[in-house]
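The UniProt record's numbering puts the sequence shown at residues 1 to 832.
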Amino acid sequence: MKRETVITCVEPDRRAQTMTTVLDNSYQRIQPYEGQEEDADDEGDRDEAPQESGVIIHVVPEGNRARWNHIEDLDSFFTRMYHYHQQHGFLCMMLEEFLELVQFTFVVILLTFVFHCIDYNKLYSGGGNTNDTSHKSDAILSVGDCVQSISLLYWILLVVAIIFIILQLVKFLYHLTQYWEIKMFFNTALKIADGELDNFTWHEVQKRVIEVQKEQEMCIHKRELTELDIYHRILRHKNYMVAMVNKSLLPVRLKIPIIGEVIFLTRGLKYNIELLLFWGPWSPFENNWHLKEDYKKLNKRQELARSLSKHILWVGIANFVLCFLILLWQFLYTFFNYAETIKREPSVLAMRTWSLYGRLYLRHFNELDHELSARLSRAYRPASKYMNSFTSPLMTIFARQIAFLAGSILAVLLFITLLYEPSFSMERFVAYVTMVGAVAAAAKAVIPDENMVWCPETLLTAVLAHTHYRPDSWRGTAHTHTTRSQVAQLFQYRAVHILEELVSPFVTTYILCFRMRYRALEIVDFFRNFTIEVAGVGDVCSFAQMDVRKHGNPMWQTVAHSPTVSPLPDDHSTGYDNQYGMNIDPDKYHIPMSNHYTQAEDGKTELSLIHFTLTNPEWQPPSHAENFVTALRERAKKEVTAEPDNNPLIASLNSLSGLGYKNHVSNIILSTLNQVSVPSTSNIFTNQPGTSATSVTLDQSSAGNVLRRGLTKAEGPLHNDKGFLYDLQQGISNQSLGASVFGSGHSYVMDREYTDSHVPSELTAADMSLSTLYLHELHHRQVKRRGYQEMATRSIWQPSPVQELATLPEVRQERVPLLLHQDSSLRKNRES
């Protein structure tokens, strides 16, 4: 008879159920985490275990511990979590999705009624007699007559619409179950009630998710999740898209006769690209988180390129077959969506919006949707002022004449209607007034403001402070129409956006069949060369790692990758920077290992790293990333007490002063020049004339009882004591900088007791704006000092860097191996 040993583990929660596991004749072996070796002592312990022993283990786990243990598809889970938070919870999400389904059904019923259930001959048989309503009531056909009047073609369209409605209903029911699980996760695991969801920023939700991972072990391949891991899973495919746009890999530039070169990227084209490259049945990805193994092999590139090219061709043909159906839906959607708005406010077509290409070009690596939208919303006003500062004298003359004629006709119509009301029917009068008013409004929108002051360079710098990116060719050329036309590709008229969406079914077919298909080999090489495997995360775009050594640009890295620098005599052999006295030892510091093929354009890696560091101050960056950010701080501290002439820090502060922080920047500049202490932080952020920044007053009685609402769109933490230039004041005085635009961290009161989360999140945006301006200033001086003026002529609208690099031997031979993450490379070495 076998002897059994009973081991009982009792957890504090008595409500948990008891799980009994019987292990007979052997002990259960606990599998190690991925990339982890088993300890040799464990092998010895297992060998010494009695072979004939049976073990009964009574485990009392925590109530909901196993509910979210080992989630297989964490990408979808975290993405649903993010959407749940941004769209204000379960009820709002499901109600919006259901009403969208109702909206589509309503459009189908309305069109059927208008085209087949009204006899227009009877409707207008009464002539102009508006009192005769009998003919109008008879004009509406019965249900049987409506069905009989429907043609075969329209029946086909109705069947397609009904199938679409059924699929959307199934999708709605599926989302209902999926997001109910997310609701339970928020309520139970994160302990966030639905009514309190708007009181939490995504940064706070993310911190709770990281803590829950330690208990629930949602990811079994990694004990602890980092902020970058969560961003990788939510933005895995978007990071690839941002990288491909940054390297000009997507064929979205078209040359149109007379118009010239334009950038064309619509929702339909973007949908087809994502279908082909990320989630479609023939995409390079085996699932959400894993790239197919063949794409990692050099000898498979030709075969994969031919296969991808064929799939792109078939998708293009499918778009051509369905183009008229898609065009019909685009037209109907545009008509029902904009008809009322255009009637009420015709100038809406003259308003501008950020294009899809602009949103990808201006997006950081690892930047969530609400963070990008907040930046572009802040840049909207200066960008509009910049675009409106360009006027055409000839167009202005014509617009004034058209506005005068349209206004005159409108005045006459109103006058005649007041005197001779029976002469006009109300329907015709409204139609006439609407058409004439639209013409007048459109003409007046073209006429420039007579009080406008032309300062394009200042306005474009203000745009840069929020968008964070611009080609080097824009600096000093903001007054030219070339720069203006390039900005217009990112910030286009709404009318142009609508027109592009309408012609998208035809242009998408052309781009897929005749442009993108011929870049299949470059796309295959891109996935192989710029994909890395991260333990516990899967395959991600290597640019998203923000590695300034592998993907950084030396022209954007003007200081050594070290937190400490020391002044030494001018010695160019040691890499000495003779402007601010910093010694760079190539043997000690990290030297960028990137080349033109592997480096990101326009400082994308460096700016993305700074942005992610500011929005996630708890993130522990790798040594090379931390050294890069710290080195910039050290350089800024040296420039605090430097001469103001030709000082990039002072130039950045001057540019920042026009963004609503004029008084604060003036105090900092004055303290810098006079080398005096910073004014009391209790006075810096008080209400002063001309100050547009938010001012907050907290006292001891109300500091802990501030009601926060609407924080779902807030960027980063509300309290951040790790601002990019937080310790800049050390070059001025020993006084704490407090809640200045550079620190973005302390409370508005002097007492450190209240350094809590009641600091506006706008300060993080101001910190990032200053960091952007400062880094661009350093880059510009680097370009001028090193004699690389030819780089300033490069632009995102010039031929693709991929095409230019095709002549390089290392690119033609494709000897760049798959970039491996350090964890995955160590694991593979152990396995071999």
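Here a beta-carbon is modelled for each residue, glycine too, at the ideal position from N, C-alpha and C.
- Closest by C-alpha distance to L413, out of L141, M241 and Y432, is Y432.
- Boundaries cannot be given for D294, as no alpha helix (DSSP H) includes it and DSSP labels it neither H nor E.
- A distance below 7 angstroms separates the beta carbons of T461 and S655.
- With respect to K122, D145 sits apart: the two C-beta atoms are not nearer than 7 angstroms.
- I397 counts as exposed, since fewer than 16 other C-beta atoms from the protein chains shown sit within 10 angstroms of its C-beta.
- Cβ-Cβ distances below 6 angstroms link F320 to T509 in the same chain, with the five nearest sequence neighbours on each side left out; the list follows chain order.
- Looking at the DSSP output, T531 bridges to C541.
- Each residue's CA atom was taken as its position, placing A625 and V548 some 7 angstroms apart.
- No Cβ-Cβ contact shorter than 7 angstroms links A766 with T201.
- For C92, the number of other beta carbons within 10 angstroms of its own is below 16, and it is reported as exposed.
- Between the region 517 to 529 and the region 234 to 252 there are three or more C-beta pairs closer than 8 angstroms, enough to call the two in contact.
- Closest in C-alpha terms to L614, from the list S542, Q330 and T764, comes T764.
- As summarised for the region 420 to 506, the continuous beta strand (DSSP E) elements at least 3 residues long and confined to that stretch are 491 to 493, given in chain order.
- Following the DSSP letters along the chain, one finds K122 inside the alpha helix (DSSP H) bounded by residues Y120 to L123.
- Selection L778, R67, L110 and A441 evaluated against I182 yields R67 as nearest (Cα-Cα).
- Secondary structure note for V147: its alpha helix (DSSP H) is the uninterrupted segment V143 to S149.
- In this chain, V348 is not harboured by any beta strand (DSSP E), its DSSP state being neither H nor E.
- Look at the region 198 to 260 and you find these whole runs of beta strand (DSSP E), each 3 residues long or longer: 253 to 256.
- Look at T391 here: in three-state DSSP terms it is coil, with no helix or strand label.
- For the region 272 to 340, the full-length alpha helix (DSSP H) segments reaching 4 residues or more read 301 to 321 along the chain.
- Taking a cut-off of 8 angstroms on C-beta distances, the region 485 to 495 touches the region 346 to 355, as three or more cross pairs fall below it.
- Exposure of Q148 is indicated by the presence of fewer than 16 other C-beta atoms within 10 angstroms of its C-beta.
- Residue pairing by DSSP places T353 opposite Q492 in a beta bridge.
- Within 10 angstroms of the beta-carbon of H596 lie fewer than 16 other beta-carbons, which makes it exposed.
- Annotation for C92: the continuous alpha helix (DSSP H) segment containing it runs F90 to H116.
- Within 10 angstroms of the beta-carbon of D539 lie 16 or more other beta-carbons, which makes it buried.
- Scanning P622, L225 and M387 for the CA closest to the CA of T458 turns up M387.
- Under the criterion of beta carbons closer than 8 angstroms, I156 and F104 do not qualify as touching, at roughly 17 angstroms.
- Looking at the backbone, the Cα of I234 and that of S76 are separated by about 8 angstroms.
- In this structure the region 266 to 275 does not lie against the region 219 to 232, because fewer than three pairs of beta carbons, one per stretch, are closer than 8 angstroms.
- Rounded to the nearest whole angstrom, the C-alpha separation of N646 and H290 is 50 angstroms.
- Nearest C-alpha to E217 among M244, K270, I71 and Y231: I71.
- CA-CA distance, N451 to S389, rounds to 11 angstroms.
- Excluding the 5 residues flanking it on each side, L512 has same chain C-beta neighbours closer than 7 angstroms at N272, I312, V315, G316 and N319, in chain order.
- In this structure T341 is exposed. Its beta-carbon is surrounded by fewer than 16 other beta-carbon atoms within 10 angstroms.
- Two segments are said to touch when three or more pairs of C-beta atoms, one from each, lie closer than 8 angstroms; by this definition the region 476 to 483 does not touch the region 280 to 290.
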